[in-house]
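Some notes on the structure that comes next.
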Amino acid sequence: MVRAWYLEGDGLDNPRDEHQRLPPKFITLEDLYRKTGVEHHTLNVDTCETDGSLEKLKEEKGYKFEDFLETPSEANLVESYKEHLHEEEESRLVLEGCGYYDIRDNEEWIRVEVVPGDLIVVPSGCYHRFMLDHTNCFEAKLFFKNPHYKVFERPADNLACRQEYLKKLHNGEFEFQES
Ligand SMILES: [Fe+2]
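For the sequence shown, the numbering used here begins at 215 and goes up steadily by one.
Okay, structure coming up:
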């Protein structure tokens, strides 16, 4: 079961800690979607490749390319923990281990803990960062609509995808998740 909570502080020291508030401030996946546009789907990692559920989702989302991610190196984690965005959505299905997606919500961070079976979709133009927990184990499938995938570190506010994302948030276009 995926958990999501507001970080205490900026999470820059000891990023692999949970950084829960006291008391913790959890957020539902519905509210996460409404506030940030981040989607979450649950798949059975043992069967999704053979029962058609992954294929169906890939078709619905228009994913034509995929890659495999093993536990990132420390150097790669330093990079992925820098606040950034992409012009494409970032889509990962966790196969092993545990990761933290931090999603920017104005001045705060929402930490989304992803474990096997969680498919998280960070929309284009949404600032985020990624870290592992202390177990340092992670495997995931990455899905793309096109093979060109660039990282833009913050500030990237002038990019069209950022402006588009802010417009969608403002217009309440992330009110209801499709599935
Ligand atoms: Fe990213």
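Glycine included, every Cβ here is placed at the ideal spot set by N, Cα and C.
Quantities reported herein were computed from a predicted structural model and do not represent experimental measurements.
In its chain, beyond the 5 residues on either side, V336 have a beta carbon closer than 6 Å to the beta carbon of E304. Non-local beta-carbon contacts of E367 in its own chain, meaning distances under 6 Å to residues more than five positions away in sequence, involve K296, H298 in chain order. If the five residues before and after V252 are omitted, its C-beta is found closer than 6 Å to the C-beta atoms of L246, I317, V336, all from its own chain and listed in chain order. T349 sits close to C312, with the two beta carbons spaced by under 9 Å. Per DSSP, V328 is one residue of the beta strand (DSSP E) stretching across 322-328. Annotation: the region 356-390 contains the following complete segments of the alpha helix (DSSP H) (minimum length 4 residues), in chain order: 374-384.
K355 is classed as buried because its beta carbon has at least 16 other beta carbons within 10 Å across all chains shown. Y341 sits in coil when the DSSP states are folded into three classes, being neither helix nor strand.
Taking C-alpha positions only, P286 is separated from D260 by approximately 23 Å. CA-CA distance, E293 to E378, rounds to 25 Å.
Counting of Cβ neighbours within 10 angstroms places G339 among the buried residues, the total reaching 16 or more. Under the DSSP assignment, D245 falls in the alpha helix (DSSP H) whose first and last residues are 243-250.
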